[in-house]
Amino acid sequence: MNKRIKDYGQFQLIDIENPSVESLTDYEFPFPLDNRFLEDSLESGHLPKMERTSEYVFMILRAYTAAEDEKAIEVGQISNKIAFFVTKQAVITVHRASFSFLNNLPESFDSSDELVLYIINDLLHTFENPIKSQFERMDALEQSIFLKGGDNLSIEKLYYEKSKARLSKKLLVIMQSVFNQFKVESSLNSHLQDVKDTILDLTLRTEEVVEDASALLNSYMTVQAQKSNNVMKLLTIFSAFFLPLTFIAGLYGMNFQNMPELRTDYGYFLTLLLMLLIAVGIFIWFRKRKII
977 MNKRIKDYGQ FQLIDIENPS VESLTDYEFP FPLDNRFLED SLESGHLPKM
1027 ERTSEYVFMI LRAYTAAEDE KAIEVGQISN KIAFFVTKQA VITVHRASFS
1077 FLNNLPESFD SSDELVLYII NDLLHTFENP IKSQFERMDA LEQSIFLKGG
1127 DNLSIEKLYY EKSKARLSKK LLVIMQSVFN QFKVESSLNS HLQDVKDTIL
1177 DLTLRTEEVV EDASALLNSY MTVQAQKSNN VMKLLTIFSA FFLPLTFIAG
1227 LYGMNFQNMP ELRTDYGYFL TLLLMLLIAV GIFIWFRKRK II
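As numbered in the working numbering, residues 977 to 1268 make up the sequence shown, in order.
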């Protein structure tokens, strides 16, 4: 367990990184913590939440930590959580992963609420670059479908892009609900509103990525269906040309003795001419119907 204590005068920040169950339960905090909340703070896949007690506010939030090529289908694969225990005299943060924004905090804050809002703002900005990158990858996938026919498109890649955007949206929507319950001193209401505006913007952008991914998937399926239809159309055209010719060839290939046409001097050439006329007739009919 890595522990860091920072004194801001009117309150303290106690930052605990990667604790074990035993070290966390045995640690002497400035105020008693409910074991249920301590267990929640160590549960890796726990979703964001907020609860109030008579002594402190308990929050769980999640920061985006997935790599660009991460194949994520669960919340725990794209994010890591930070648990907050907040009073006027202390802010306790508990987390397993290391976060740079927790290690580079300013030296001065007027209140614990201001510190928490600052951390929350940095936490939300971990979603910024991933969302921007997802928009760029959606554009690249769209070009692959409409300009290159989808030949180089990876359905697996599109699925995981949609999955990460969907999970991000889920987290942001839940955290938005948490922030709507969060209360701060009146002088910080504008800061809290900025946080709410930020998360609303992020939520709308992730929703747009999800919608784009769904639209691209539908477009890809449409393009592939069109390709299949073109192949079937080509096979049908070939069949239309060769079926009557095959019938004629099969008819005169039968081994009957009494077939007068077989003894005609020009029977072979007349049969070829008939085949040619049939092929030309089929071609003209297809052209008039604009099939070819």
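Ideal Cβ positions, reconstructed from N, Cα and C, are used throughout, including at glycine.
No experiment lies behind these values; they were computed from the predicted model shown.
Checklist entry - Are the Cβ atoms of Q1053 and A1039 separated by less than 8 Å? => result Position 77 of the sequence shown, counting from 1, holds the residue named residue 1053. Position 63 of the sequence shown, counting from 1, holds the residue named residue 1039. No, the pair does not count as a contact, with Cβ atoms beyond the cut-off.
Next on the checklist: One question on the structure: do D1089 and E993 come within less than 8 Å of each other, judged by their Cβ atoms?
Outcome noted: Numbered from 1 along the sequence shown, position 113 holds the residue referred to as residue 1089. Numbered from 1 along the sequence shown, position 17 holds the residue referred to as residue 993. Result no, Cβ atoms of D1089 and E993 do not sit closer than 8 Å.
Checklist entry - Nearest-angstrom Cα distance between I1224 and E1237? => result In the sequence shown, counting from the first residue as 1, residue 1224 sits at position 248. In the sequence shown, counting from the first residue as 1, residue 1237 sits at position 261. If you take the alpha carbons of I1224 and E1237, they lie about 12 Å apart.
Checklist entry - Given D1002, which residues of its chain have a CB within under 6 Å of its CB, disregarding the five upstream and five downstream residues? => result By one-based count along the sequence shown, residue 1002 stands at place 26. Excluding sequence neighbours, D1002 sits near nothing in its chain.
Item to check | Closest Cα partner of K1057 within the set M1151, E1184, D1170 | outcome: Here residue 1057 refers to the residue found at position 81 of the sequence shown. For the residues M1151, E1184, D1170, the minimum Cα distance to K1057 belongs to M1151.
Checklist entry - Nearest to L1100 by alpha carbon, out of K1064, S1144, Y1136, S1109? => result To locate residue 1100, count along the sequence shown from 1; it is residue 124. Checking every option, the nearest Cα to that of L1100 belongs to S1144.
Next on the checklist: According to DSSP, is L1037 part of a helix, a strand, or is it coil?
Outcome noted: Translated into positions along the sequence shown, residue 1037 becomes position 61. Three-state result, L1037: strand.
Checklist entry - Should the stretch 1187–1204 be regarded as contacting the stretch 1237–1248, the criterion being three or more beta carbon pairs within less than 8 Å? => result no
Checklist entry - Cα-Cα, which of T1063, K1025, K1133 is closest to L1117? => result Stepping through the sequence shown from its first residue, residue 1117 is reached at position 141. Considering only alpha carbons, the answer is K1133.
Item to check | Sequence ranges, alpha helix (DSSP H) only - wholly within the stretch 1097–1156, length at least 4 | outcome: 1104–1122
Item to check | Boundaries of the beta strand (DSSP E) in which S1055 is found, first to last residue | outcome: As a position in the sequence shown, residue 1055 is number 79, starting the count at 1. Start and end: 1055–1062.
Next on the checklist: So for Q1065, helix, strand or coil by DSSP?
Outcome noted: Here residue 1065 corresponds to residue number 89 of the sequence shown, with the count starting at 1. Note: Q1065 maps to coil in three-state DSSP.
Checklist entry - Where does M1197 fall in DSSP's three states? => result Here residue 1197 refers to the residue found at position 221 when the sequence shown is read from its first residue. M1197 falls in the helix class under three-state DSSP.
Item to check | Cβ-based burial, P1106 [other Cβ within 10 Å; buried from 16] | outcome: To locate residue 1106, count along the sequence shown from 1; it is residue 130. Per the 10 Å Cβ criterion, buried.
Checklist entry - Taking DSSP as the reference, what is the three-state secondary structure of M1026? => result In the sequence shown, residue 1026 corresponds to position 50, counting from 1. Of the three classes helix, strand and coil, the one that applies to M1026 here is strand, per DSSP.
Next on the checklist: Can you check which of these residues, N978, I1267, L1091, is closest to P1082 by C-alpha distance?
Outcome noted: As a position in the sequence shown, residue 1082 is number 106, starting the count at 1. Minimum Cα distance to P1082 is reached at L1091.
Checklist entry - So is Q1110 buried or exposed if we call it buried at 16+ other beta carbons inside 10 Å? => result Indexing the sequence shown from 1 puts residue 1110 at position 134. By the neighbour-count rule (16 or more Cβ atoms within 10 Å), Q1110 is buried.
Checklist entry - At a cut of 8 Å, does the stretch 1058–1066 reach the stretch 1173–1185 through at least three beta carbon pairs? => result no
Checklist entry - Whose CA, out of L989, Y1032, S1195, lies closest to the CA of L1123? => result Within the sequence shown, numbered from 1, the residue matching residue 1123 stands at position 147. Comparing Cα positions, the closest option is S1195.
Checklist entry - Do you know whose CA, among I981, Y1094, D1045, Y1242, lies nearest K1138's CA? => result Your numbering for residue 1138 matches position 162 in the sequence shown. Nearest of I981, Y1094, D1045, Y1242 to K1138, Cα basis: D1045.
Next on the checklist: By DSSP's criteria, E993 is part of a beta bridge. Which residues make up the other side?
Outcome noted: Within the sequence shown, residue 993 is the residue found at index 17, counting from 1. Answer is N978, H1071.
Next on the checklist: I need the DSSP call for Q988, collapsed to helix, strand or coil.
Outcome noted: What you label residue 988 is simply residue 12 of the sequence shown in a count that begins at 1. Q988: strand per DSSP, three-state reduction.
Next on the checklist: If you reduce the DSSP assignment to three classes, tell me which class D1241 lands in.
Outcome noted: For the purposes of this step, residue 1241 is taken as residue 265 along the sequence shown, with counting starting at 1. The answer is coil: DSSP assigns D1241 none of H, G, I, E or B.
Checklist entry - Measuring CB to CB, does M1026 end up less than 8 Å from F1034? => result Start at 1 with the first residue of the sequence shown, and residue 1026 comes out as number 50. Start at 1 with the first residue of the sequence shown, and residue 1034 comes out as number 58. Yes, the pair counts as a contact, with Cβ atoms nearer than the cut-off.
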